[in-house]
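Visitor:
2 protein chains.
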Amino acid sequence: MRVRLRDVAERAGVSPMTVSNVINGNHARVSPDTIERVRRIADELGYVPSASARSLSARSSRLIGLLVPTADEDSLMISPHTMAMVGQIERELRRLGYHLLLRGISDLGEVTEALQSWSLDGAILLGFLDEEVDSLTATTVGGVRVLAVDSYSSNPLTVGPRSDDFAGARLAARHLLDLGHRRIVFAGPAFTGVGVVHERFEGFRQAHAEIGAGWDPRLVETVNTTHADGLRLGRGLLARHPRTTAVFATADILAIGIMHGLTESGARVPDDVSVVGFDDLDLCDYVVPRLTTVSQDIAAKATTAVRMLIDAIEKGTPPTAPVTVDVSLVKRDSTAPAPQQ
Amino acid sequence: MRVRLRDVAERAGVSPMTVSNVINGNHARVSPDTIERVRRIADELGYVPSASARSLSARSSRLIGLLVPTADEDSLMISPHTMAMVGQIERELRRLGYHLLLRGISDLGEVTEALQSWSLDGAILLGFLDEEVDSLTATTVGGVRVLAVDSYSSNPLTVGPRSDDFAGARLAARHLLDLGHRRIVFAGPAFTGVGVVHERFEGFRQAHAEIGAGWDPRLVETVNTTHADGLRLGRGLLARHPRTTAVFATADILAIGIMHGLTESGARVPDDVSVVGFDDLDLCDYVVPRLTTVSQDIAAKATTAVRMLIDAIEKGTPPTAPVTVDVSLVKRDSTAPAPQQ
DNA sequence: CTGAAAGCGCTTACAG
DNA sequence: CTGAAAGCGCTTACAG
């Protein structure tokens with residue numbers, strides 16, 4: 395039924411081990427003639443090596459897990475940003491000859507089983523909270539090399555790449571400040587003293603500090619990162635903050651909701667209120683006005699994640715410091731000079 | 395290092411085979427006492443079965459491949475619809491105790507290797523062209539059970555689920571006709587005598603036929619399914635078809651582009667021109683006006699795909715006929731009664 | 001209800 | 001440059 399290494403060996407009149415050496419490119423140990431003949435016969439027979447047999451006998455499976463959190467009965471890819479990352483990570487892994495096991499995690503207790511059962515060479519954690527990443531121990535990962543994307547956890551087991559959240563928010567705020575805005579609302583989910591949102595908040599404030607502009611902490615609006623929450627916030631924004639002329643939202647989806655809410659309430663974007671988002675989803679080009687936002691380099695982040703992981707696996711040494719991926723500001727139509735008050 | 399079946403067996407004072415029976419739920423063959431003890435010890439030791447060893451010795455790997463086409467250097471998930479399907483399929487597979495291997499295919503020649511190397515129990519083909527699905531043979535799939543989603547290929551090896559494209563387009567056209575529209579543009583990619591777009595075209599025409607309305611074939615506009623192409627079409631639409639009052643587009647992205655193009659050209663949506671899309675992406679709620687569209691039940695399609703595949707695997711008999719998944723019309727703000735001419 | 005033996009398809013030291 | 005043997009961690013008939 396299935397063509398095995400042994401079948402190729404018999405047909406070629408050599409030992410299985412010689413075929414193994416040819417297949418795995420250990421050419422130093424086989425004569426050119428034999429290589430050529432074994433190759434030809436393997437092709438003729440349509441030989442495909444058994445990855446499970448290989449994984450069982452060798453130390454390497456060339457299998458990488460991609461773990462994504464998911465609500466119990468829910469589908470895994472919440473945000474468009476996560477989905478884009480999955481696609482990019484798959485591409486890069488495939489380019490390097492690895493396979494991808496995609497796995498939703500509804501409870502951290504599943505991580506050990508997810509990591510161990512297929513003898514993964516490594517795994518990427520995508521979209522987990524810092525506190526979840528914090529909680530992983532050498533026991534839970536069981537010797538599997540792991541890496542968390544966009545994490546500010548200080549867990550040495552999970553060092554990985556992240557977008558430059560601080561610089562991104564600083565760019566966004568700076569853009570608004572340059573346009574003359576001074577009372578800028580910061581809209582995003584609740585945050586603590588560490589993490590993605592905290593970094594963005596610090597970058598936002600830093601931009602103010604740099605030009606000596608004051609900023610009123612009451613301009614923080616805590617909301618969930620959804621279009622619906624943005625819409626609600628946008629509708630009531632000018633009622634709550636009458637003198638506000640701009641909003642920086644920590645996600646595009648949220649920013650777009652806010653824009654629409656503002657429009658519904660009779661405010662014009664960007665003439666009355668400017669809005670800046672974060673992520674640069676395709677979506678930003680499809681809404682009216684097109685959204686000015688901070689662009690994350692998803693391809694670079696995915697490539698960096700894969701390279702850091704594979705390097706660590708092949709060289710045997712884990713990365714010591716997080717890698718920061720550059721971001722940039724994409725100016726579109728949702729920002730304009732602050733109106734004269 | 396790794397805890398093995400044998401380690402559990404030794405600790406429990408039983409044979410490896412008894413542990414195997416306990417782990418695999420063959421309780422008929424083990425005494426309750428033993429079951430309880432083996433379970434406890436396995437837990438204590440943190441035993442996780444080796445999937446590759448299991449896959450090698452048993453006939454089953456409990457691994458399902460998800461194959462998605464991808465341009466060579468490109469990332470795999472082109473459309474939001476595909477991405478949503480990936481998430482739903484993963485969830486359903488996980489629920490049934492299977493694992494998911496996600497694989498981009500840039501050349502059909504890769505399919506055999508993708509299917510065979512991990513001894514997959516089955517695979518789902520997502521987003522392939524009918525002609526690509528047609529070309530798969532028993533040799534290329536090599537005994538692996540496969541299933542194509544949304545395919546109108548008549549290949550008996552790949553029978554799977556698909557959305558009711560005909561009914562969806564019929565509903566969309568019917569909605570526009572009921573609103574009094576009579577010169578409706580059909581916008582979509584080039585199509586032949588079989589396939590998704592062809593079905594939608596037939597449903598569109600059927601709606602006209604049912605109410606005895608004529609329809610001018612020159613109202614077909616062939617465009618790529620992108621926002622940019624939609625934009626271009628929208629801008630020039632009324633110049634090309636002066637008496638047109640409505641557009642049915644075969645995809646939301648396209649429909650949204652068309653809406654914006656129309657708006658740019660000075661036409662009002664829906665007052666002057668109504669627009670209907672297909673898919674019901676989240677996006678439809680985020681644009682202004684919110685898009686009326688045909689909703690595909692992605693969760694149902696994913697669940698159906700997984701169930702059909704797993705059934706075929708476990709029962710040993712392949713599905714004989716495609717399963718059609720219902721669609722529905724979601725009325726939002728982009729459609730209105732035809733203006734008086 | 002329980003076990004000893006063979007085997008799944010590879011790779012890895014070890015010899016020559 | 002090539003090979004025989006052992007082993008990776010399981011499951012599967014076959015016995016008892």
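Keeping their order, the protein sequence lines are chains A and U. Letter by letter, the first sequence follows residues 395 to 735 of the working numbering. Letter by letter, the second sequence follows residues 395 to 735 of the working numbering. Beta carbons: idealized from backbone N, C-alpha and C, even for Gly.
Please name the residue in 440(A), 403(A), 721(A), 451(A) whose C-alpha comes closest to that of residue 429(A).
Guide: Answer by Cα proximity: 403(A).
Visitor: So with Cβ pairs under 8 Å, would you call residue 609(A) a contact of chain U?
Guide: No, residue 609(A) lies away from the interface with chain U (no Cβ there is under 8 Å from its Cβ).
Visitor: To which residues does DSSP link residue 533(U) through a beta bridge?
Guide: Looking at the DSSP assignment, residue 533(U) forms no beta bridge with any residue, so it has no partner.
Visitor: Do residue 415(U) and residue 405(U) have their C-beta atoms within less than 8 Å of each other?
Guide: No, Cβ-Cβ distance for residue 415(U) and residue 405(U) is not below 8 Å.
Visitor: Could you tell me the distance, in whole angstroms, from the CA atom of residue 485(U) to the CA atom of residue 401(A)?
Guide: Rounded to whole angstroms, residue 485(U) to residue 401(A) spans 39 Å at the Cα level.
Visitor: What does residue 680(A) reach in chain U if we use C-beta pairs closer than 9 Å?
Guide: Near residue 680(A) (Cβ distances below 9 Å), the residues of chain U are 621, 647, 650, 651, 654, 677, 680, 681.
Visitor: Which of the residues in the stretch 435–455 of chain U, read from start to end, lie with their CB under 8 Å from any CB of chain A?
Guide: Against chain A - using a Cβ distance shorter than 8 Å - the residues of the stretch 435–455 of chain U are 440, 442, 443, 444, 445, 446, 447, 449, 450, 455.
Visitor: Could you give the DSSP three-state label for residue 561(A): helix, strand or coil?
Guide: Three-state result, residue 561(A): helix.
Visitor: From the DSSP output, in three-state form, read off residue 497(U) for me.
Guide: In the structure shown, residue 497(U) sits in a strand (DSSP, three-state: E or B).
Visitor: So, is residue 475(A) buried or exposed, given that buried needs 16 or more other C-beta atoms within 10 angstroms?
Guide: When all chains shown are included, residue 475(A) counts as buried.
Visitor: Here's the rule I'm using: 16 or more other beta-carbon atoms within 10 Å means buried, otherwise exposed. How should residue 451(U) be labelled?
Guide: With fewer than 16 other Cβ atoms within 10 Å, it is exposed.
Visitor: Where does residue 459(A) sit, in a helix, a strand or coil, going by DSSP?
Guide: In this structure, residue 459(A) counts as strand in the three-state DSSP scheme.
Visitor: Using DSSP with H/G/I as helix, E/B as strand and the rest coil, what is residue 506(U)?
Guide: Here residue 506(U) sits in helix by DSSP.
Visitor: Run down chain U in chain order and give the residues with a C-beta less than 7 Å from the C-beta of residue 526(A).
Guide: By Cβ distance, chain U contributes nothing, its closest Cβ being about 18 Å from residue 526(A), past 7 Å.
Visitor: For residue 413(U), report the span of its alpha helix (DSSP H) as first-last.
Guide: Run containing residue 413(U): 410–417, per the alpha helix (DSSP H) assignment.
Visitor: Label residue 421(U) either buried or exposed according to how many other C-beta atoms from any shown protein chain fall within 10 Å of its C-beta, with 16 as the threshold for buried.
Guide: Its Cβ having fewer than 16 others within 10 Å, residue 421(U) is exposed.
Visitor: Would residue 409(U) be called buried (16 or more neighbouring beta carbons within 10 Å of its own) or exposed?
Guide: It is exposed - the Cβ of residue 409(U) has fewer than 16 other Cβ atoms within 10 Å.
Visitor: Where does residue 695(U) land, buried or exposed, given buried means 16+ other C-beta within 10 angstroms?
Guide: Classification of residue 695(U): buried, given that the 10 Å Cβ count is 16 or more.
Visitor: In whole angstroms, what separates the C-alpha of residue 536(U) from that of residue 509(U)?
Guide: Distance between the alpha carbons of residue 536(U) and residue 509(U): 8 Å.
Visitor: Give me the DSSP bridge partner(s) of residue 686(U).
Guide: According to DSSP, which records beta bridges pairwise, residue 686(U) is partnered with 670(U).
Visitor: Taking beta-carbon pairs under 8 Å, can you tell me which members of the stretch 477–509 of chain U lie near chain A?
Guide: Those would be 477, 478, 480, 481, 482, 484, 485, 488, 493, 494, 495, 496, 497, 498, 506, 507, in chain order.
Visitor: Using a beta-carbon distance cut-off of less than 9 Å, what residues from the stretch 533–552 of chain A approach chain U?
Guide: Correct list: 533, 536, 537.
Visitor: Identify every run of the alpha helix (DSSP H) within the stretch 614–644 of chain U, keeping only runs that are complete inside it and at least 4 residues long; order them along the chain.
Guide: Within the stretch 614–644 of chain U, the complete alpha helix (DSSP H) runs of at least 4 residues are 621–634.
Visitor: From this set, 459(U), 700(U), 624(U), 587(U), which residue's C-alpha is nearest residue 547(U)'s C-alpha?
Guide: For residue 547(U), the nearest C-alpha among the options comes from 587(U).
Visitor: For residue 549(A) versus residue 519(A), is the C-beta distance shorter than 8 Å?
Guide: Result no, Cβ atoms of residue 549(A) and residue 519(A) do not sit closer than 8 Å.
Visitor: Exposed or buried, residue 464(A), counting other C-beta atoms within 10 Å across all chains shown (16 or more means buried)?
Guide: It counts as buried.
Visitor: For a cutoff of 8 Å on Cβ pairs, would you count residue 513(A) as touching chain U?
Guide: Taking Cβ atoms only, chain U reaches closer than 8 Å to residue 513(A), which makes this a yes.
Visitor: According to DSSP, what are the bridge partners of residue 518(U)?
Guide: In the DSSP output, where bridge partners are listed per residue, residue 518(U) has 460(U), 541(U).
Visitor: Would you decide whether residue 454(A) is buried or exposed? Buried here means 16 or more other CB atoms lie within 10 Å of its CB.
Guide: Exposed, by the Cβ-count rule.
Visitor: Pick out whichever of 567(A), 615(A), 407(A), 569(A) has its Cα sitting closest to the Cα of residue 436(A).
Guide: Measuring from the Cα of residue 436(A), the nearest candidate turns out to be 407(A).
Visitor: Closer than 7 Å to a non-hydrogen atom of the ligand ZN - does that hold for the CB of residue 544(U)?
Guide: Looking for the ligand ZN in the displayed structure turns up nothing, as the structure carries no ligands at all.
Visitor: Looking at the C-beta of residue 531(U), does it have a partner C-beta in chain A at a distance below 8 Å?
Guide: Chain A, which has no Cβ nearer than 8 Å to the Cβ of residue 531(U), makes this no.
Visitor: On the DSSP letters alone, give me the boundaries of the beta strand (DSSP E) that residue 580(A) sits inside.
Guide: It spans 578–582 - the beta strand (DSSP E) in which residue 580(A) sits, taken as one unbroken run.
Visitor: Can the beta-carbon of residue 629(A) be found less than 8 Å from the beta-carbon of residue 659(A)?
Guide: Contact: yes.
Visitor: By the DSSP assignment, the beta strand (DSSP E) with residue 718(A) in it spans what residues?
Guide: That run of the beta strand (DSSP E) goes 717–719.
Visitor: Quick test of your reading: residue 513(U) and residue 449(U), contact by CB under 8 Å. State the CB separation rounded to the nearest angstrom.
Guide: Indeed they touch by this definition, with Cβ atoms about 5 Å apart.
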